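Residue numbers (the working numbering): 3 to 181.
Notes follow the structure.
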Amino acid sequence: MTLQYQWQLADELPTDVKAGTDVYVSLALFAYSTIVTLVYLHIRKPVFHQVAYGIEIFVVLVRSTMHQIEIRKSNLRAYAEMQQLFGLGVAAFGVAFALWNIDNIYCNNLRAIRNALPMFLAPFFQLHAYWHIGTAIGCYASIVYQQYLRLVMLGTMDNYRLRKAAFIVPYIDRVRKDE
């Protein structure tokens, strides 16, 4: 590990806070995030945080899937659009989580590879950086998903559409009168 402990905490703990606020979070999931944070502050074992974060994301995925099963029964358009957001979030978090673990396990090897390569190629082996990019994309997709889920649950989804900026970045937009 290359960061000092306090900076490692600043790097990792926000992921617990974000995951703990997903899918109309239950008090139990929020409590879990809090307990993980307190235990991690005490035991200082990064593997504990990795496993705890993986469990937390798994719970969020299961709850999201349960919501989608209910929505599929009543609104196929909403279901299809939520599947896009869900897929983006799962893919981004999954790839980021894999890269994060590869970086943690093979840190010394990756550092040696970076040192042996020309400087302009070294960033391709900074897997921790890709972890941040992937989790940022996953968090953004999760936030848009939560907004969309809220609109569906309130019954106001027909007033909004899921759109994409530059054909990639999803966002929710109010339906224009001419549509």
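From the three backbone atoms N, C-alpha and C, an ideal C-beta is built for every residue, glycine too.
Quantities reported herein were computed from a predicted structural model and do not represent experimental measurements.
By the CB criterion at 9 Å, residue 146 and residue 173 fall inside the cutoff.
The alpha-carbon of residue 125 is positioned some 12 Å away from that of residue 118.
Nearest neighbour of residue 95 by Cα position, chosen from 80, 156, 134, turns out to be 134. DSSP, reduced to helix, strand and coil, places residue 116 within a helical segment of the structure shown. Excluding the 5 residues flanking it on each side, residue 61 has same chain C-beta neighbours closer than 7 Å at 31, in chain order. Between the C-alpha atoms of residue 144 and residue 68 there is a straight-line separation of about 15 Å. Only residues of its own chain outside the window of five on either side were considered, and among them 172 have a CB closer than 7 Å to the CB of residue 166, listed in chain order. The C-alpha of residue 112 is placed about 14 Å away from the C-alpha of residue 121.
Unbroken alpha helix (DSSP H) stretches of 4 residues or longer found wholly inside the region 39–108: 48–76, 78–107, given in chain order. Across the structure, residue 50 and residue 92 are spaced so that their CA atoms are roughly 22 Å apart. With fewer than 16 other Cβ atoms inside 10 Å of its own Cβ, residue 180 counts as exposed. Counting of Cβ neighbours within 10 angstroms places residue 157 among the exposed residues, the total staying below 16. Judged by beta-carbon spacing, residue 164 lies within the 9 Å limit of residue 150, meaning their Cβ atoms are closer than that value. The C-beta of residue 159 has 16 or more other C-beta atoms within 10 Å across all chains shown, which makes the residue buried.
For residue 72, the number of other beta carbons within 10 angstroms of its own is below 16, and it is reported as exposed. Going by C-alpha positions, residue 162 is about 26 Å away from residue 64. Pairing residue 90 with residue 140 gives a Cβ-Cβ distance under 9 Å. Around the C-beta of residue 88, 16 or more other C-beta atoms lie within 10 Å, and the residue is accordingly described as buried.
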